[in-house]
Amino acid sequence: MAYADTLKVFGVLRKKFDEASSEAIATAVETALETNNAAMLDKVATKDDLRKLEIKIEQVKSELIKWMFIFWIGQFASITTVLFLFFKR
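So in this note's numbering, the last one in the sequence shown is 1167, and the numbering has no gaps at all.
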């Protein structure tokens, strides 16, 4: 939390509590917010993370297309063999 915000919180708390309690509560709130902000920043996807994800998607896409063609060639060979054997008799 910014220094000015800490002073505002401390000022508001000082109206209800004594100075030591107000300072302790303001410090605890500030620490909790800083911890929360740090945790949130760890979870945020950066541009580098997104770029890596896009590269991985492209790799998987090209691999999938390769296997589709292999499957189609196998199917064509199987169907051709069945038709050849069927019409040979």
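Just so it is clear, CB atoms sit at the ideal spot from N, CA and C, and this is done for glycine as well.
| Collapsed DSSP secondary structure at R1129 in the structure displayed | helix
| Per-residue DSSP class, three states only, for F1095 | coil
| field | Cα-Cα separation, I1103 to K1086 | value | Going from the Cα of I1103 to the Cα of K1086 covers about 12 Å.
| said: Whole angstroms are fine: how far does the CA of L1142 sit from the CA of E1132? | reply: 15 Å
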